[in-house]
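Enquirer: Okay, so the sequence shown: first residue is 871 according to this note's numbering, each after it adds one.
A virtual CB, placed ideally from N, CA and C, is assigned to each residue, including glycine.
These numbers come from a predicted model, not from an experiment.
I have a structure here, written as structure tokens, and I will follow up with some questions on it.
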Amino acid sequence: ATISDIQFKEIVDSMRQFPKRLRQTIDQLSEADYKKTYRDGSWNVLQLIHHLADSQIFYYSRCKVAATENSPTVSTFDENLWATLADTTLPAEASLSLLASINLRLTTFLDSLSVNDIYRKVIHPEKGEITIAHLAAMADWHCKHHLAHIQLAIKA
871 ATISDIQFKE IVDSMRQFPK RLRQTIDQLS EADYKKTYRD GSWNVLQLIH HLADSQIFYY
931 SRCKVAATEN SPTVSTFDEN LWATLADTTL PAEASLSLLA SINLRLTTFL DSLSVNDIYR
991 KVIHPEKGEI TIAHLAAMAD WHCKHHLAHI QLAIKA
């Protein structure tokens, strides 16, 4: 379905608030809490936080490429492998500050786009053509999805 310009603005506003919601969720976590998972075999809270920062970087770059090139093909990444790399053992703050910065850059950029610009496209190797509006919606959904995983893990 097409995302209207009004829906797009709501999506961007939601994304703008995400770093604050994430910080509020994890504000009082202990070291042991960061190792909790939401189900057997899933990523732990710390890996989820780092994954969110990694993913937002990709969404940000995909949106900018869509705005500046004609239907470019974007790259993918193996998120499961990325979740095991050495930088995912850094303290959460490394990705929390990165996520806050990238979300500020992303939402400022998205706010600057014209109605026509939000329908510019990229080609995703697995998903096909995706508009900037849909990339933003996916980024917002993705953040909420993993925030729910973090909340489940904390309660476990």
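State the Cα-Cα distance for the pair Glu996 and Gln894, rounded to the nearest angstrom.
Expert: Those two C-alpha atoms are separated by around 34 Å.
Enquirer: I need the boundaries of the alpha helix (DSSP H) containing Lys1014, first residue and last residue.
Expert: Ile1002 to Lys1025
Enquirer: In the structure shown, what three-state DSSP assignment does Asn914 receive?
Expert: strand
Enquirer: Looking at Ile972: is its Cβ nearer than 9 Å to the Cβ of Ile988?
Expert: no
Enquirer: Need the endpoints of the alpha helix (DSSP H) that Lys890 sits in, please.
Expert: First-last of the alpha helix (DSSP H) with Lys890: Asp875 to Ile896.
Enquirer: By Cβ distance, which residues of its chain are closer than 8 Å to Glu949, with the 5 residues on each side in sequence left out?
Expert: His921, Asp924 and Ser925
Enquirer: Can the beta-carbon of Val944 be found closer than 9 Å to that of Ile993?
Expert: Yes; because the gap between Cβ atoms is below 9 Å, this pair is in contact.
Enquirer: How would you call Phe832, buried or exposed, if buried means at least 16 neighbouring beta carbons within 10 angstroms?
Expert: No answer is possible for residue 832: it lies beyond the span of the chain, which begins at 871 and ends at 1026.
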